Structures are given as C-alpha cells and as structure tokens.
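Asks: Just so we're aligned, residue 19 is where the sequence shown starts under our numbering, counting upward by one. Every residue gets a Cβ at the ideal spot worked out from N, C-alpha and C, and that includes glycine. Since this is a predicted model, take the numbers as computed values, not measurements. Starting off with a structure, shown below.
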Amino acid sequence: MSEKSSGGAGPAQSAGPGGTDGPARPAGPEGPDGPPIWQSSPPGSIYDYIHVAAFSLGPDGRIDRWSERAAEMLGIPARYAVGKDPVAAFVPDELQEQARRTVSQILDGREWTGLVPYRTRETDEGAGDRARQRLAEIYVMPSETAEGERAAVCLVVDVRALRGIETDLAASQAVFGQSPMGFLLFGTDLRIRRVNERFATVFGGPAAKYRGGGPHDFLPRSEADRLQAALRRVLESGEPVTEMQLVGTVPPAASASVSAPDGTAVAIPAPTAPEPPAPAAGDADRRRWSVSLYRLHGASGRPIGVAALAADVTGRRRAEREAASARRNLALLNEAGARIGNSLDLETTARTLLDVAVPQFCDLASVDLYQGLLAGDEAPPGMADGSAELRRVAFASAVSDAPLATTTCGLPEGECGPVAVGAVHRYPFNSPCAGALRTAQAQIIPGREGEERAELGAVVHSTLAVPMVARDTVVGLVQFSRTKGSEPFGERDTALAVELAARAAVCIDNARLYRREHERALILQRSLLPPGDPEAAGLDIACRYLPGNTATEVGGDWFDVIELPGHRTALVVGDVMGRGLRAAVAMGELRTAVRTLALLDMEPAEVLSALDEIARGLGAAGGGARTTTRAPRSRSAAPADAPAGPAADAPRPGSGTADLSEVYLATCVYAVYDPVTRRCTFANAGHLPPILVEEGEDALLLDVPPGMPLGVGGEPFEETEVELPDGALLALYTDGLVESRDHPLDEGLSAFRTALSEAGRPLEDVCDHVLSALDTRHGEDDIALLMARVHGLPKDSVGDWNLAPEARSVSRARELARDQLTDWGLEALVDTTELLVSELVTNALRHGHGEIRLRLLLDRTLVCEVWDADLAQPRRRRARDTDEGGRGLQLVGLLSAGWGSRRTPRGKTVWFELPLPDGDTALPDPADALLSLF
19 MSEKSSGGAG PAQSAGPGGT DGPARPAGPE GPDGPPIWQS SPPGSIYDYI
69 HVAAFSLGPD GRIDRWSERA AEMLGIPARY AVGKDPVAAF VPDELQEQAR
119 RTVSQILDGR EWTGLVPYRT RETDEGAGDR ARQRLAEIYV MPSETAEGER
169 AAVCLVVDVR ALRGIETDLA ASQAVFGQSP MGFLLFGTDL RIRRVNERFA
219 TVFGGPAAKY RGGGPHDFLP RSEADRLQAA LRRVLESGEP VTEMQLVGTV
269 PPAASASVSA PDGTAVAIPA PTAPEPPAPA AGDADRRRWS VSLYRLHGAS
319 GRPIGVAALA ADVTGRRRAE REAASARRNL ALLNEAGARI GNSLDLETTA
369 RTLLDVAVPQ FCDLASVDLY QGLLAGDEAP PGMADGSAEL RRVAFASAVS
419 DAPLATTTCG LPEGECGPVA VGAVHRYPFN SPCAGALRTA QAQIIPGREG
469 EERAELGAVV HSTLAVPMVA RDTVVGLVQF SRTKGSEPFG ERDTALAVEL
519 AARAAVCIDN ARLYRREHER ALILQRSLLP PGDPEAAGLD IACRYLPGNT
569 ATEVGGDWFD VIELPGHRTA LVVGDVMGRG LRAAVAMGEL RTAVRTLALL
619 DMEPAEVLSA LDEIARGLGA AGGGARTTTR APRSRSAAPA DAPAGPAADA
669 PRPGSGTADL SEVYLATCVY AVYDPVTRRC TFANAGHLPP ILVEEGEDAL
719 LLDVPPGMPL GVGGEPFEET EVELPDGALL ALYTDGLVES RDHPLDEGLS
769 AFRTALSEAG RPLEDVCDHV LSALDTRHGE DDIALLMARV HGLPKDSVGD
819 WNLAPEARSV SRARELARDQ LTDWGLEALV DTTELLVSEL VTNALRHGHG
869 EIRLRLLLDR TLVCEVWDAD LAQPRRRRAR DTDEGGRGLQ LVGLLSAGWG
919 SRRTPRGKTV WFELPLPDGD TALPDPADAL LSLF
C-alpha cells in the first residue's frame, strides 16, 4: 500500500514553486473550496503532527506488506516483519492467545480499532538483539485479495503523538475558553482568525463576530495603526513585542456587564476595591491595555500568524497613579515636618508653609491669622462666627508675583480687590471662608466661570479653605488655590491640606505664645533697666541694651548705675544664666537686691557675697537659703569667660533637692568708683573682665579675680582696686557682645579691644562704633554694654579738713564750711550747712572718739561728710517733748535731701546731701524746721 505524503522524506514532498517557506502557488485546477488539488501539500499539514504508518495481512494471517513509515515509526525493520505472524513475532507471550482470537475475527471480515502492545527489536552494536515493549493504536480494515481471499489493511498511529495533540487541544481550549486574559490570533494576512470569550466579553458580541476583522474594528484609528504596524513587524522579524500600551474605549454595555477583576493582568475594564476617585465623565469607558505580541510557527517552522495577549491595566495604572500621588503626599508631609516649625517667628513659619505647598501642592496660597490673637487677645470678638479681623501674614504664587483676589471668599461690597501681605481684613459672614473659620472644617470652593475681571480670580478654578486649628482653637485660615489647567482638589487633597494646616497651626500657635512671652519678658526686662542715660559724679555714662531676636528667648542680661554717698558711683553688669520669663524675673530680683545692698554702702566683695546667698535662696523651695556646698576647687581654675553651667552644680538625681529649672546661676561684676580719689574697686562673680582704655594706650583687660558665679556658693570673693586717670574709658559688658556661634570668645574680645582703641570720640559715638564693628546682629543672646569715661572731681570742688576731738572744733567746722561755701558762691546754703555741720560734729564729739574729719564735695549736689573712729552707727529716734536732746538727726533729715552713714576701715562716716539752689525751688528754712520739732 502506498502512503500519503506528510512532510517526511518521501518523494511526494518535492518543493513547489513557493518553496518550503511559503504557500505553494496553484499549478492546476482548484477544488470546490478554492485550494489547488493534485498538488504536493506544503509543510505544516496535519500529517506533521499525526504520524501514520500502514501494513497489510495476507489470507494466512501473516504480514505481506510493511511500509517504510511502519519500520520508522514502530522501530521494526521489514526483514523482521514481512512473512511473520504478527502475534508470534511482536505480541508479548501472555497476550498472544487473546491476540490470535482478535486476528481470527479480523480475517473473518470484522473491523477493529484498539491499543495493541508490541515488542520491537533493536540492535545495538556489541549488545546483540534485544526486545522493547511499546504501545500502538491500530485501525484494522478487512480487505480481499485478487483471488477473493480474506485479508486486512492496518493503519498504525503513534499513541504518544495522539496524547500530545490531545494535551495541545486542551491547552488551546483553556486559552480560548478559560483564560482571564484577552487572546487574539492573527493570520499571516493580519486578520483575526480567532478570539477568546474574554475578549468578546469586554468588547461585546460573540467571539465569531470578530473573525476576519482587524485592529480597526475595535480600537481608535491611531491606536489601531500602531497595533497594525506592530503586528506586521512581529510577523516579518519574529521579534516579540511585550507590554505595548494601547488606549481605547469599550461599549458601555460591555463595561457594565463585566464583573469585578482582581486588579492585576486581566482583561477586565475596571478593578475592584479599594475604589479610587471616580474619573471624569468623559473617561468613564476609557481603558488602557497592555498587549504582548509574538509570532506563531507550524511544526515545520513556517510562520502561521501572530498571537496577541491583552491585559486590561486600567486599574493597575490608576492604582499606580494613586500610589505615586500617595508617595508625593507623603514626601510633602515629610518635607513639611522637616521645615515647618524650625523658627519661632510667626511670619517665617507661615512663609515656610507656603514654600512647601507652592508649587508642589497648589499654584497659589495665602495665610491669614486673627489680628486679635496676634495682638495678645486670647479671645478676640468675632472668632466664634468667623467675622473677626484677620491679617494676611504670607502669600505665595507660582503664576503671579502680585496677590490675586478670589471673589468666592472676597471682601465686602466696595472693598473688592487683592489683599496685600500685612493688610487687615475680614470675610463676609456668608462666604465659604467665614464658614470654614466658623465650623473649623475645610471647604472646597469651585472657581467661577466668566469672571468679569481676570485679576479677581478668573484664573483660579479650585480653592481649598482650610482653618488652622491648634489646641482646639482656630487661629487663622490658609487658602490653597489651583489655576485652570491643574486638577481640581479632591478628597485626598483635602486630607493632605488639613494635615499641612494642622502642623503649621501648632507651630504658628507656639510661635505666637512664644512671641507673647518674649514681649512680656522684654517689657519686664526693659522696665528693670535704668531709664534714659544714667548720670554719675565724675563719670560720663553711655549704655546700650540689645535683646536677642524673636527666635531667641529673652536672656537675663542687665546693667545698672547706682549713686552712692560721697558722690561715689556703683557700676554693675550681670547675666542670669537661662532664658525666658524666669530669667527676666530672676534678673529683676537680683538687680533689686544689688541696689538695696549698694545703698547699705557695703564693700563690693560683701555685696557679691550677699547676692550669692540671695541667688541660692531663689532656687530653693519656699525661697529659703539652700545648704551651702563647697564648690570644687577645679572650678576656680576656669577662665573668667567660661560661665559655670547648671549641670556642674545641679543636684544629683534622687537627692531630693531642687530641680535643675529651679537653680539660679548668674555672673556679675560690681565696681565702685570714687571721683575724689579716682580709684575704682572691682569684685567679680564669674563674669568677663572689665576693659580699661587709657588715653594713647591700647585697650587692656583688667586682671580681676573671676570668682564663682552667683548661686554656686562656697567661695569668697576678692576685690581689686585700680586707679583710673582722667580721660580713661571703662567698659563693662556681657558675653553676647563678644561671643556667638560663628565667633569664639577670644576672637570677640580681640575685636572689642580693637574697636575700643579708637576711644577719642564722644562716648555715645564709641558705643555705636563698638556695636557696628562687632558681630551684634546674630541675635543669639542679649547684649548689655556699659561704658564710663572718667573725669574725677577737681581739687577746687573738694574741701577736706581734720579737726581735733575738742569742743571748739564745732565752731571751727562751721567757720570752715561757711568760708568754703562762700568761695563756691553758695551763700544760700550757708545757714543750713552750718547748722547741719554743727549737729554732725557735735555727735562725733559726744558719741565717737578719735580725730574728726570734715569733707565737703561739690558736684551736682553738695555733700558734707563727717568722719570719726567709732564703729557704732547713728540711729535716728523720735524725741519726747520733755527730752533735752535726740533731735539732731531729725533736724538733719528735715533740712537735707538725704543723709546716712557708712562704715569705713577706721570707723564710720555720717553724711548729708543738699541740692544746689536753682532759683526756682525755695530752700527749707532752718527756723521752721527747728520749730517743727517741738
């Protein structure tokens, strides 16, 4: 029997005109359906997949014909088959009996089909013959010989090939019937040969509807052209195309009929939960697909078409956009957290918020804060209904340098226009902005079409009005606006805007509270400083105080000029360690204590010792003095410019003493200048040393023992006495003048001394020159500067006499006083001075001992001093009507502007002071004063 050509090596597989790579051109008549007949079939026919062989059985049941394909497929050469009994030769022994019955039935004229086990004979070199059992499917058809005898023709099919075809058919059916992805099969003419049900479900209609069509039947023209070109390129080159993005629309009915997908690579028009924001109405049926193309080949390797796998990635892309938006929002919040709140300045914080939001989040933005809150009113009228006055503190725009006004939240009628930064305004009660302030809820305000004037906000098409809420209090309003061309605000944008506004609101409220405390502390501190330009005998005084900037809490720097008896002057500069209102209060307490101690006419070291006890008492519970603890000796070796930190002297945890915030430490330098002797006595409590500039000399740091800061305790303070020549310049200062983050202390002191070397100009000019030459704009700390130029009292303004301790010295004292006042031209004061000098000298004779000294000093007032060697201080008392004495000090108090006594190294000094006559003020009459005592 002959075999049909099936692409094997038989003579029937001769190449036609088209070769083996393309369809053969017809060379004869065509069949009913068009293909040519009586021509060699090209490679790629069904026989390339199904291997068929044939043999025949003779009337005797033996094999009389054995085809070459049978020998090739079954592995049994013809020499082992022809003339053999197939049962005895090939069937296993245990199956031979059943096989003989079957062959007998076949020879009786019965058709039979079934699986037949058989043995092959393979010969390996060096291994002899061996048998191997296989399985074949045989179709037996009865036949007759020319003599009319019964025979049979047998067709053999390879079972393995059949099983492979069955598996391929199942896989094909799975792709076309069960795959969740859209599948299209294009022929070599780029026409659709087949689509699966999923594709037909998405685009509507049965799958057969699309056979013979092309990309233009279900895609827009531009996208169809792209797909057509890609199909042609894949078909010609064999290079696959992966994840080609196509955009198109699907019929609304098909879109509505498709069930929810899993959100990944599926051919479904829309994903399921979580549902993103609804797309615009025009994009409701718009879909995006990811298409992969690859060329298909037949068994012989000939291209037979292009397969396309399409996945609807609309949901995936939407999720990607949402994820990208979430990442941008998170990055924006991170940036806001890192930048907002770095400053305690209201305007800076508001500007930082807008710098973060524009243009990353919106195109225009503004911040309004309640004017009353900025002014210090905790509950300004109108806050409850949103009608209170607001001040525009910041504005930012990516589209215009000038502010734009949106009429949706505009000003009342007649006041329409942009609100400038710094302007005070209010929103109408029924406006969305007032509603946002009133309800503390964000409002989305759509833009208006057809605005009459573009400058009034026609460019803005969406605005978010977000109240700024801090600690359950609305402090202001921030508006975010987007211009036409940007996406309008949605729910996600609203949540982000609320979070941004909340973060900024807390920082702005902190800045507001800090500013309020800073202003109060500054007012308190300034009220405690000397008013105007202080005056002192023998000194020209100039002073400066510069508070730190608003980002720095008020410090405890202070200075003071205190007039002492005998035309002496106390110069004080101090610095309380710490900042804020507590430091300002502590500074006020210490300054008051200094003035009180100075009026007691104590020595500088004694004043600092008493201040140390007071400072230690300030930090103790109940204000009592703390137990004295001796400071480490190593602290005394520290340089004068190294302030003692609280940690060094703070109590250890668990010790039960005051908390660190209750420890008051301060540095202070206290100097007393005597214009008569031109000598100045210094005592230092951990402060920077004074600087002295003599005429024609360089500035010099005075060697004053630094001592321990006030509040440490345990160490005595030392005094240093320095003679100051006329014209010398003395400078006392705090560390803020000479030290900052960018300039170390040594560098600052050097610059300060250099600036003071040009001290020949007026003292006020010297102060200004120092502040301009040094880095005083850093704002990190307060700056206090006290400068004094020494003049001293002229010799002709001093009258000084020693008197013997005898009764006639009283008249002698009156005579000396009269003559001196006459020389000074103060005849108006002669009577009063004689009377008071007589009283003081008499008291020195009666209650004191030793030599008596009388001194008259003339400067802005007249001062009279009487010295004796007795340490007992005079005590003023009220004399009874029957007492003969006890009225002398009362008389002194009545006739003088002030009187007192002080200890001296060798006794005491009692003094009184009289104002100089100015012609307008009447002097007290001594006679009236005497009569008033009785």
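At 4 residues or longer, what runs of the alpha helix (DSSP H) sit wholly inside the segment 818-869?
Replies: Correct list: 826-842 and 848-865.
Asks: List the endpoints of the continuous beta strand (DSSP E) containing ILE709.
Replies: Looking at the DSSP string, the run of the beta strand (DSSP E) that includes ILE709 is 709-711.
Asks: Under the three-state reduction of DSSP, which class applies to GLY46: helix, strand or coil?
Replies: The predicted model places GLY46 with a pLDDT of 44, which falls under 50 and marks its position as unreliable, so this point remains unresolved.
Asks: Indicate whether the contact test is met: 3 or more Cβ pairs, each with one atom in the segment 505-517 and one in the segment 478-489, closer than 8 Å.
Replies: Short answer: they touch.
Asks: If I follow the unbroken alpha helix (DSSP H) through PHE217, where does it start and stop?
Replies: Here the alpha helix (DSSP H) through PHE217 covers 215-221.
Asks: So, are the CB atoms of GLY574 and ASP800 less than 9 Å apart?
Replies: Yes, they are a contact pair.
Asks: Pick from ARG826, ALA341 and ALA329: whose alpha carbon is nearest that of ALA862?
Replies: Of the candidates ARG826, ALA341 and ALA329, the one whose C-alpha sits nearest the C-alpha of ALA862 is ARG826.
Asks: Kindly indicate which residue of ILE358, VAL730 and VAL175 has the alpha-carbon position closest to the one of ALA519.
Replies: Closest by alpha carbon: ILE358.
Asks: Can the beta-carbon of ALA701 be found closer than 9 Å to that of PRO583?
Replies: Cβ atoms of ALA701 and PRO583: not closer than 9 Å.
Asks: What number of angstroms, rounded off, separates the C-alpha of ILE156 from the C-alpha of ALA96?
Replies: Cα to Cα, the separation comes out at about 18 Å.
Asks: Leaving out five residues before and five after GLY230 in sequence, what residues of the same chain have Cβ atoms less than 6 Å from its Cβ?
Replies: Counting only Cβ-Cβ distances below 6 Å, and skipping sequence neighbours, we find ARG209.
Asks: Since I believe LEU792 is in contact with LEU854 (beta carbons under 8 Å), could you give me their beta-carbon distance rounded to a whole number of angstroms?
Replies: The Cβ separation is near 49 Å, so there is no contact.
Asks: Report the three-state DSSP secondary structure of LEU932 (helix, strand or coil).
Replies: If DSSP states are grouped into helix, strand and coil, LEU932 belongs with the strands.
Asks: Between the Cα of TYR532 and the Cα atoms of TRP885, GLU254 and LEU391, which residue gives the shortest distance?
Replies: If we check each option's Cα against that of TYR532, LEU391 comes out closest.
Asks: Quick check on the burial criterion: 16 or more other C-beta atoms within 10 angstroms. Buried or exposed for ASP381?
Replies: Result: buried.
Asks: Under 8 Å, with one C-beta from each stretch per pair, do the segment 815-834 and the segment 553-566 reach the 3-pair mark?
Replies: Judged by Cβ distances under 8 Å, the segment 815-834 makes no contact with the segment 553-566, as fewer than three pairs qualify.
Asks: Taking its Cβ as the centre, do 16 or more other Cβ atoms sit within 10 Å of HIS705, making it buried, or is it exposed?
Replies: So HIS705 counts as buried.
Asks: Inspect the CB distances between the segment 237-257 and the segment 351-368 and report whether three or more fall short of 8 Å.
Replies: The segment 237-257 is not in contact with the segment 351-368.
Asks: Would you tell me roughly how many angstroms separate the C-alpha atoms of PRO135 and GLU90, rounded to the nearest one?
Replies: Going from the Cα of PRO135 to the Cα of GLU90 covers about 17 Å.
Asks: Is the segment 858-878 in contact with the segment 923-931, if contact means three or more CB pairs nearer than 8 Å?
Replies: Touching, yes, given that three or more Cβ pairs across the two stretches are closer than 8 Å.
Asks: Who are the Cβ neighbours of ASP551 in its own chain at under 8 Å, not counting the five residues just before and after it?
Replies: Taken in chain order, the residues that qualify are ILE559, ALA560 and CYS561.
Asks: Here's a check: name, in chain order, each residue in its chain whose Cβ is nearer than 7 Å to the Cβ of SER405, leaving out the five neighbours to either side.
Replies: For SER405, where only same-chain residues beyond five positions count, the Cβ hits under 7 Å are ARG444, PHE447 and ALA452.
Asks: For SER758, which residues does DSSP report across the bridge?
Replies: Beta-bridge pairing links SER758 to no other residue.
Asks: Under a three-way DSSP split, which group does ARG410 fall into?
Replies: Of the three classes helix, strand and coil, the one that applies to ARG410 here is strand, per DSSP.
Asks: In the DSSP assignment, what are the bridge partners of LYS926?
Replies: In the DSSP output, where bridge partners are listed per residue, LYS926 has ASP886 and ARG921.
Asks: In the DSSP output, what is LEU482 paired with across the bridge?
Replies: For LEU482, which the question treats as bridged, DSSP gives the partners ILE462 and PHE498.
Asks: For a test of the three-state rule: what should DSSP assign to LEU531, helix, strand or coil?
Replies: In the structure shown, LEU531 sits in a helix (DSSP, three-state: H, G or I).
Asks: Taking the DSSP output, what are the residues bridged to ILE580?
Replies: Bridge partners of ILE580: ALA588.
Asks: For GLU765 and ALA831, what's the separation of their Cα atoms in angstroms?
Replies: Those two C-alpha atoms are separated by around 57 Å.
Asks: Which residues in the same chain have their Cβ closer than 6 Å to the Cβ of TYR228, if we skip the five residues on either side of it in sequence?
Replies: Around TYR228: ILE210 and VAL213.
Asks: Name the two residues that bound the continuous alpha helix (DSSP H) containing LEU245.
Replies: Residues 239-255.
Asks: Quick check on DSSP: helix, strand or coil for ARG128?
Replies: Three-state result, ARG128: coil.
Asks: How many angstroms separate the CA atom of ALA649 from the CA atom of LEU546?
Replies: Confidence at ALA649 is low in this model, with a pLDDT of 37, below 50, so the placement of that residue should be treated as unreliable; the coordinate-derived value is given next. If you take the alpha carbons of ALA649 and LEU546, they lie about 31 Å apart.
Asks: Does DSSP classify PHE447 as helix, strand or coil?
Replies: Coil, per DSSP.
Asks: Going by DSSP, name the residue or residues bridged to MET159.
Replies: Its beta-bridge partners are VAL171.
Asks: Helix, strand or coil for ALA953, going by three-state DSSP, please let me know.
Replies: No information on residue 953 is available, as it lies outside the stretch 19 to 952 that the chain covers here.
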